[in-house]
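What follows is a short report on a single structure.
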Amino acid sequence: MYKLSPIAIVCFLLLTWNPMIDGLACYTCSSCNDPFNQYYVQIAFINNTGILYCSKRSAAYNTSRSIESTCVEYGTVGNGQWCCQTNLCNKAKRNMLTNTFSFGIGLLMINLYFF
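All you need for the working numbering is the position in the sequence shown, starting with 1, plus 15.
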């Protein structure tokens with residue numbers, strides 16, 4: 016009989032943990048500089064089956080956050096635009112894309128290879 020390893024169980028939990036909904040929630044504000052206080056800004060939710068992005072734009076000591084249908088990342092030190100596609104991901108000082116699904120698949124592949 017096959018016995019599941021703890022890594023396989025963690026992979027299963029990571030793959031099934033993310034809820035599947037059509038839409039995206041992002042912080043929206045026009046002058047919300049860093050450090051960011053998430054309690055004083057609006058949250059926009061768009062229920063859409065298309066591709067959406069949360070964005071954060073910084074230029075000349077002014078920062079804005081929004082939800083967009085297209086987003087192109089660019090940047091220099093302290094200025095630029097960062098894009099992400101998970102709920103409320105545009106609050107970070109530097110947005111970092113993380114993908115739980117890819118992480119789970121990676122752990123599963125390691126588990127299958129070594130165990």
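No residue lacks a Cβ here, since even glycine has one placed at the ideal position from N, Cα and C.
This structure is a prediction, so every number in the text was calculated from the model and none was measured.
Next item on the list: Compare the beta carbon distance of Lys144 and Gln57 with 8 Å and say whether it is the shorter of the two.
Entry: An answer regarding residue 144 cannot be provided, because it is not within the stretch 16 to 130 covered by the chain.
Next item on the list: For Tyr68, count neighbouring C-beta atoms within 10 Å of its own C-beta (all shown protein chains included) and say buried if the count is 16 or more, exposed if not.
Entry: buried
Margin query: Please classify Tyr55 as buried or exposed, where buried requires at least 16 neighbouring CB atoms within 10 angstroms.
Written below: exposed
Margin query: Using the Cβ count rule (16 or more neighbours within 10 Å means buried), how would you classify Ala74?
Written below: The residue is exposed, with fewer than 16 neighbouring Cβ atoms inside 10 Å.
Note to self: For Tyr42, count the other beta carbons within 10 Å of its own beta carbon; 16 or more makes it buried, fewer makes it exposed. Which is it?
What the structure shows: buried
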